[in-house]
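Trainee:
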Amino acid sequence: MTTPPPTPSNPPSLLSTRQIPLDLGHRSAMGEDDFLVAPGNQDAVAWLDAWPDWPAPALVLFGPAGCGKSHLAQIWRARARGNLLSIDDLRAEAELPDLLRPMRTAVLDGAQGVAGDPYLERSLFHLYNLAKEMGGHLLLLAENAPINWLIRLPDLRSRLLAAPAVGMAAPDDALLMAVLVKLFADRQIRVGEDVIDWLMTRTERSFANARRVVATLDHAALAAKKPITVRFCRQVLGDGG
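Read in order, the letters of the sequence shown are residues 144 to 384 in our numbering.
#1: Please give me, in chain order, every unbroken run of the alpha helix (DSSP H) with length at least 4 that falls completely inside the region 311 to 375.
#2: Report the partner residues of residue 201 according to the DSSP bridge assignment.
#3: In this structure, does DSSP put residue 251 in helix, strand or coil?
#4: Is there at least one Cβ from chain B nearer than 7 Å to residue 198's Cβ?
#5: Among 286, 295, 287 and 245, which has the Cα closest to the Cα of residue 398?
#6: Please work out which residues of its chain come closer than 6 Å, Cβ to Cβ, to residue 247, disregarding the five sequence neighbours upstream and downstream, and give them in chain order.
#7: If you draw a straight line from the alpha carbon of residue 322 to that of residue 348, how long is it in whole angstroms?
#8: Please classify residue 290: is it buried, with 16 or more other beta-carbons within 10 angstroms of its beta-carbon, or exposed?
#9: Exposed or buried, which one is residue 354 when buried takes at least 16 other CB atoms within 10 Å?
#10: Between 378, 249 and 362, which lies nearest to residue 232 when the distance is taken from Cα to Cα?
#11: With DSSP as the reference, label residue 299 as helix, strand or coil.
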């Protein structure tokens, strides 16, 4: 069970939510995208809202592909003005201090990829310690919780297990249907239930894909000056979505 996040001492953040129809939270995110707050991600949102009052130099955000963790990390990174890192950035150990400059914050995508590589494990260990020394923070993104990473370096493993870790769930069918309806409504598009049902059986179960599909259909419909029907969806997306 995830430890409740600390109560932020700063004013309401960029991640604060508001109620909208369909009982989903909504916020403007990067560009024209929306981040949708739901039971499967609300703990993660609360933890990022609590920054910088985290109890450790790092926070681990984990969940399956398509659950929205990268999108949520982008929102936090914009607020914290941090760097976006991959594990390849950890290969130049002498440059580790630069990875946290100038704002002492960074997002490390695919963090569990360091597991089993002695050099990368040591580099992440040093980066963690640097963040602590500098009073900065790391947001580590992964598909699984740190307890499941096969970390061989004891000191790194102990630090990761001591850091808060919060999971995000992939959207279930009911939520994804509501998300599709909302995304169309945001674009002032009214579609029939048959369109939503058709999309549900032929598209990937993820928030990111739902946004891509709705945007694609919207642009195609505007160009063709046609309503979005099941037949039109087949023409634009194919039977595989």
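Built from N, CA and C at the ideal position, the CB exists for glycine as well.
Mentor: Looking at the atomic coordinates:
#1: 316 to 329, 336 to 345 and 350 to 367
#2: 281
#3: strand
#4: Note that chain B does not occur in the displayed structure, where there is just one protein chain.
#5: This structure gives no information on residue 398, because the portion of the chain shown stretches from 144 to 384.
#6: 277 and 279
#7: 11 Å
#8: By the neighbour-count rule (16 or more Cβ atoms within 10 Å), residue 290 is not buried but exposed.
#9: buried
#10: Distances from the CA of residue 232 to each of 378, 249 and 362 were compared; the closest alpha carbon is that of 249.
#11: In the three-state reduction of the DSSP assignment, residue 299 falls in the helix class, which pools H, G and I.
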